[in-house]
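Residue numbers (our numbering), protein chains in the order written: chain E, 18 to 134; chain V, 252 to 363.
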Amino acid sequence: ETGVTQSPTHLIKTRGQQVTLRCSSQSGHNTVSWYQQALGQGPQFIFQYYREEENGRGNFPPRFSGLQFPNYSSELNVNALELDDSALYLCASSPGTSGSGSYNEQFFGPGTRLTVL
Amino acid sequence: GENVEQHPSTLSVQEGDSAVIKCTYSDSASNYFPWYKQELGKRPQLIIDIRSNVGEKKDQRIAVTLNKTAKHFSLHITETQPEDSAVYFCAARGWGSYIPTFGRGTSLIVHP
């Protein structure tokens, strides 16, 4: 067990709605990254948070936003949901920021399966 | 940005055979290459990684090779077992970069 947990496990929303996904990092990890994994695809990097600040962002629109809290848990918020947002959303925590030049291993959570109808 | 191509998309082997999955990358600045295994309905898990100052790394039945000149790296699994059946992802990342780029995955099926 890696210690990274996510909630909820599954979620069904309709187009235009907003959704919040949650991630609890592994103990001692101060960096969290979020990924979108569409069916049959590899994970696509959304953004990373380090000590409560966004530390990098992939090619996703501003309606994808996030937060990291002092206890290093994290949220991913998606506004104005679109059908193409249906995917598995993964968070991954690591003990240090990737931007520091380190190769810290990322530990993935089990994911949240989001379906947009 | 980085682009990672992974082949094949599906690989079917008999138990005991070897399996090879290949990835190419485009950004010569990339110098960290992890491989993940994702079983059906489960989270991706790191199985092996290699850094650019190393040409080959082995861990029991799993090995990874890296050719920086050609910008490709490969995962080798020997003596495959049914429990090796999963989707395998390669990824590439540069020093100081926080954006790993993943391949599209290879579905490995090991027939008993």
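Yeah, the Cβ is synthetic: ideal placement off N, Cα and C, and Gly gets one too.
Query, Result
"P295 (chain V) (DSSP reduced to helix, strand or coil)", "coil"
"Beta-carbon spacing of G197 (chain E), L107 (chain E) below 8 Å", "Any answer about residue 197 (chain E) is impossible in this case: the structure gives chain E only from 18 up to 134."
"R32 (chain E) beta carbon less than 8 Å from that of V95 (chain E)", "no"
"Near-chain E residues of the segment 324-345 of chain V - C-beta to any C-beta below 8 Å", "F340, A342 and R344"
"contact_flag[the segment 274-283 of chain V, the segment 58-74 of chain E] where n(CB pairs < 8 Å) is 3 or more", "no"
"V49 (chain E) classed as buried or exposed, judged by whether at least 16 other C-beta atoms fall within 10 angstroms", "buried"
"Proximal residues, the segment 284-309 of chain V versus chain E, C-beta separation under 9 Å", "P285, Y287, Q289, G292, K293, R294, P295, Q296, L297, D300 and R302"
"Near-chain V residues of the segment 51-80 of chain E - C-beta to any C-beta below 7 Å", "Q58, G59, P60, F62, Q65, N72, G73 and G75"
"Cβ shell of R302 (chain V) (< 7 Å), same chain only, five flanking positions each side left out", "N282 and Y283"
"One or two residues paired with Q123 (chain E) in a DSSP bridge", "Bridge partners of Q123 (chain E): none, in fact."
"Euclidean distance between Cα positions of N47 (chain E) and N304 (chain V)", "28 Å"
"Cβ neighbours of P295 (chain V) in the same chain (closer than 6 Å, five flanking residues each side left out)", "Y287 and Q289"
"Continuous beta strand (DSSP E) assignments of at least 3 residues falling wholly in the segment 278-361 of chain V", "281-289, 296-302, 307-310, 313-318, 323-328 and 337-345"
"Length at least 3, wholly inside the segment 43-120 of chain E: the beta strand (DSSP E) runs in chain order", "48-54, 61-67, 70-74, 81-85, 91-95 and 104-111"
"Nearest-angstrom Cα separation, counted from G306 (chain V) out to T320 (chain V)", "11 Å"
"Q216 (chain V), enclosing beta strand (DSSP E) - first and last residue", "This structure gives no information on residue 216 (chain V), because the portion of chain V shown stretches from 252 to 363."
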